[in-house]
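K.L.:
Protein chains in written order, with my numbering: chain H, 1 to 202; chain S, 203 to 404.
Glycine included, each C-beta is placed from N, C-alpha and C at the ideal position.
The structure that follows is given in the form of structure tokens.
Protein chains: 2
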Amino acid sequence: MGASDGIKTLDILAEQFGRLSGIGRRTAMRLAFSVIDMSDEDAARFASAILDAKKNIHCCPVCQNLTDLDVCPVCSDPTRDRSTICVVQDTKSLMAIEKVREYHGLYHVLHGLISPMQGITPENIKLRELITRVSEDGGISEIIIATNPTAEGEATAMYISRLLKPSGIKVTRIANGIPVGGELEYADEYTLQRAFEGRREF
Amino acid sequence: MGASDGIKTLDILAEQFGRLSGIGRRTAMRLAFSVIDMSDEDAARFASAILDAKKNIHCCPVCQNLTDLDVCPVCSDPTRDRSTICVVQDTKSLMAIEKVREYHGLYHVLHGLISPMQGITPENIKLRELITRVSEDGGISEIIIATNPTAEGEATAMYISRLLKPSGIKVTRIANGIPVGGELEYADEYTLQRAFEGRREF
Numbered sequence: 001m002g003a004s005d006g007i008k009t010l011d012i013l014a015e016q017f018g019r020l021s022g023i024g025r026r027t028a029m030r031l032a033f034s035v036i037d038m039s040d041e042d043a044a045r046f047a048s049a050i051l052d053a054k055k056n057i058h059c060c061p062v063c064q065n066l067t068d069l070d071v072c073p074v075c076s077d078p079t080r081d082r083s084t085i086c087v088v089q090d091t092k093s094l095m096a097i098e099k100v101r102e103y104h105g106l107y108h109v110l111h112g113l114i115s116p117m118q119g120i121t122p123e124n125i126k127l128r129e130l131i132t133r134v135s136e137d138g139g140i141s142e143i144i145i146a147t148n149p150t151a152e153g154e155a156t157a158m159y160i161s162r163l164l165k166p167s168g169i170k171v172t173r174i175a176n177g178i179p180v181g182g183e184l185e186y187a188d189e190y191t192l193q194r195a196f197e198g199r200r201e202f
Numbered sequence: 203m204g205a206s207d208g209i210k211t212l213d214i215l216a217e218q219f220g221r222l223s224g225i226g227r228r229t230a231m232r233l234a235f236s237v238i239d240m241s242d243e244d245a246a247r248f249a250s251a252i253l254d255a256k257k258n259i260h261c262c263p264v265c266q267n268l269t270d271l272d273v274c275p276v277c278s279d280p281t282r283d284r285s286t287i288c289v290v291q292d293t294k295s296l297m298a299i300e301k302v303r304e305y306h307g308l309y310h311v312l313h314g315l316i317s318p319m320q321g322i323t324p325e326n327i328k329l330r331e332l333i334t335r336v337s338e339d340g341g342i343s344e345i346i347i348a349t350n351p352t353a354e355g356e357a358t359a360m361y362i363s364r365l366l367k368p369s370g371i372k373v374t375r376i377a378n379g380i381p382v383g384g385e386l387e388y389a390d391e392y393t394l395q396r397a398f399e400g401r402r403e404f
């Protein structure tokens with residue numbers, strides 16, 4: 001659809017929706033129409049929600065997780081195991097892990113992965129913050145690197161593990177393998193190879 | 203995903219996105235994250251676009267098309283054929299027809315279809331406006347009803363044609379048939395039946 005035959009403010013709104021991740025032109029126009037169908041109060045509430053979220057959400061000074069509190073709920077939870085840090089690439093990964101309710105340690109959110117192809121260097125992600133944190137906090141015994149098992153995720157994991165080696169702290173990587181409920185038939189060769197490498201005794 | 207582990211302003215924003223047409227909970231959260239990744243300026247621009255569109259867009263007093271001008275561009279275009287009115291259910295339909303650039307008459311946008319099941323009566327759509335317009339404007343010779351060929355679209359078309367019958371104006375309905383490039387094999391029986399009924403000589 002795209003151009004709306006002269007409804008300029010509608011085009012501008014659709015263009016704004018089109019800047020959001022994964023929203024194409026047709027969907028952007030549909031969402032713009034959705035806003036026009038809203039009541040004035042609902043549209044005002046929507047606009048405020050955008051400004052409020054941007055204003056209030058910042059990185060937790062301890063773990064870099066997104067939060068609208070001074071310190072994020074994980075870092076300020078006294079029941080969490082403070083000797084373990086799980087390193088993730090973004091807040092979405094952190095949320096996915098939290099949903100499982102099996103991990104009780106702390107996190108460190110990198111906000112990206114090292115990617116020379118995209119010009120993202122170690123300085124562009126929250127890596128220095130991790131190193132400073134680990135060196136200042138003497139009580140950390142394990143760092144679990146849980147970046148996605150993609151090329152960038154693996155390279156970043158490798159980079160971090162080398163960087164932390166001198167500290168003597170145990171650095172681990174989450175396992176690759178066949179997803180639970182998945183079928184070997186449909187697994188790619190790398191996953192299958194990792195599944196064999198990671199085999200465990202009963 | 204849904205709840206974001208305590209980032210309240212993010213949850214509120216995701217909830218707002220979730221109110222838009224066709225946006226589920228996971229997508230809503232992804233869009234909310236998208237806003238957090240924006241610069242402050244871009245987020246402010248997005249919020250303003252919502253408020254501006256709501257403030258400026260209203261129905262054209264002549265044809266009820268959405269517009270941010272006093273009278274919509276179609277109605278104020280002196281080159282359009284003012285003796286023909288094409289009745290559509292919404293602005294999206296109007297835009298689809300305008301894109302083809304084959305229709306040069308005017309429009310009337312109903313903003314809905316009669317649907318007793320959903321409690322939408324003739325009074326809830328812009329039908330009275332059409333009747334008033336037709337009776338006040340003596341120069342109209344044809345009204346083309348281009349509501350979608352759904353149950354509600356057909357019922358609304360039928361209702362309007364009866365309502366306009368006493369005026370003596372020619373009322374037509376756009377054709378049903380096999381879409382160009384489509385295959386008979388995959389056409390449903392109603393479409394196929396209509397395609398035969400609407401057959402024309404070479």
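(1) Report the neighbours of H:V203 on chain S: residues whose CB is nearer than 8 Å to its CB, in chain order.
(2) In the DSSP output, which residue or residues are listed as bridge partners for S:H306?
(3) Comparing C-alpha positions only, which one of H:V71, H:L51, H:A49 sits nearest to H:C59?
(4) Between which residues of its own chain and H:D90 is the CB-CB distance below 8 Å, once the five residues before and five after are set aside?
(5) Taking Cβ-Cβ distances shorter than 7 Å, what residues in chain S pair up with H:Q16?
(6) Quick check on the DSSP output: the beta strand (DSSP E) that includes H:D81 runs from which residue to which?
(7) Bridge partners for H:I143 per DSSP, in chain order?
(8) Tell me which residues share the same chain as H:P73 and place their Cβ nearer than 8 Å to its Cβ, disregarding the 5 neighbours each side in the sequence.
(9) In this structure, how does DSSP classify H:V62 when only helix, strand and coil are distinguished?
(10) Just checking my contact of H:V87 with H:L31 at CB under 8 Å: how many whole Å lie between their CB atoms?
(11) In this structure, does DSSP put S:I322 in helix, strand or coil?
(12) Given this structure, state the Cα-to-Cα distance separating S:I345 from H:D37, to the nearest angstrom.
(13) For S:S317, does the three-state DSSP call read helix, strand or coil?
(14) In whole angstroms, give me the CA-to-CA distance for H:L94 and H:Y107.
(15) Excluding the 5 residues preceding and the 5 following S:V373 in the sequence, name in chain order all residues of the same chain whose CB lies nearer than 6 Å to its CB.
(16) Measuring only between beta-carbons, confirm whether S:A234 sits less than 8 Å from chain H.
(17) Interface residues of chain S around H:T150 at Cβ under 9 Å?
(18) At what residues does the alpha helix (DSSP H) containing H:M38 begin and finish?
(19) Measuring CB to CB, does S:D279 end up less than 8 Å from H:T9?
(20) Between the region 168-183 of chain H and the region 16-28 of chain H, do at least 3 Cβ pairs fall closer than 8 Å?
(21) Let me check understanding here. Comparing Cα to Cα, which of S:D390, S:I287, S:R228, S:G355 lies closest to S:I327?
(22) Please list the terminal residues of the continuous alpha helix (DSSP H) segment that includes S:G220.
(23) List, in chain order, every chain H residue whose beta-carbon is nearer than 8 Å to that of S:T269.
(24) Checking contacts by CB at 8 Å: is H:D70 closer than that to chain S?
(25) Can you list the residues of chain H that S:L212 reaches, using a CB-CB cut of under 8 Å?
P.N.:
This is what the structure gives:
(1) The first residue shown for chain H is 1 and the last is 202, placing residue 203 of chain H beyond what the model contains.
(2) Paired residue(s): none; S:H306 is not in a bridge.
(3) Comparing Cα positions, the closest option is H:V71.
(4) Contacts found: V109, L110, H111, G112.
(5) Chain-order list of chain S residues neighbouring H:Q16: R247, F248, A251, by C-beta distance under 7 Å.
(6) Where H:D81 is concerned, the enclosing beta strand (DSSP E) stretches over 81-88.
(7) Partner(s): H:I85, H:V171.
(8) Short of 8 Å from the beta carbon of H:P73, and not among the five residues preceding or following it, lie these beta carbons of its own chain, in chain order: T67.
(9) Coil, per DSSP.
(10) At roughly 35 Å, the Cβ-Cβ gap does not stay under 8 Å, so H:V87 and H:L31 are not in contact.
(11) The three-state secondary structure of S:I322, taken from DSSP, is strand.
(12) Cα to Cα, the separation comes out at about 27 Å.
(13) Collapsing the DSSP output to three states places S:S317 in a strand.
(14) If you take the alpha carbons of H:L94 and H:Y107, they lie about 8 Å apart.
(15) Taking C-beta separations shorter than 6 Å and ignoring five residues to either side along the sequence, the partners of S:V373 in its chain run I345, S363, L366, following chain order.
(16) It does; some Cβ of chain H falls within 8 Å.
(17) Per Cβ cutoff of 9 Å: no residues; H:T150 is ~18 Å from chain S at best.
(18) It is not in any alpha helix (DSSP H) - H:M38 carries neither H nor E in the DSSP assignment.
(19) Taking 8 Å as the Cβ cut-off, S:D279 and H:T9 do not qualify as a contacting pair.
(20) The answer is no - the region 16-28 of chain H does not touch the region 168-183 of chain H, with fewer than three Cβ pairs under 8 Å.
(21) Closest option to S:I327, Cα to Cα, is S:G355.
(22) It spans 210-220 - the alpha helix (DSSP H) in which S:G220 sits, taken as one unbroken run.
(23) The CB of S:T269 comes closer than 8 Å to the CB of G6, I7 in chain H, given here in chain order.
(24) The beta carbon of H:D70 does not come within 8 Å of any beta carbon belonging to chain S, so the residue lies off that interface.
(25) Within chain H, the residues whose beta carbon sits less than 8 Å from that of S:L212 are A53, I57, L66, D68, listed in sequence order.
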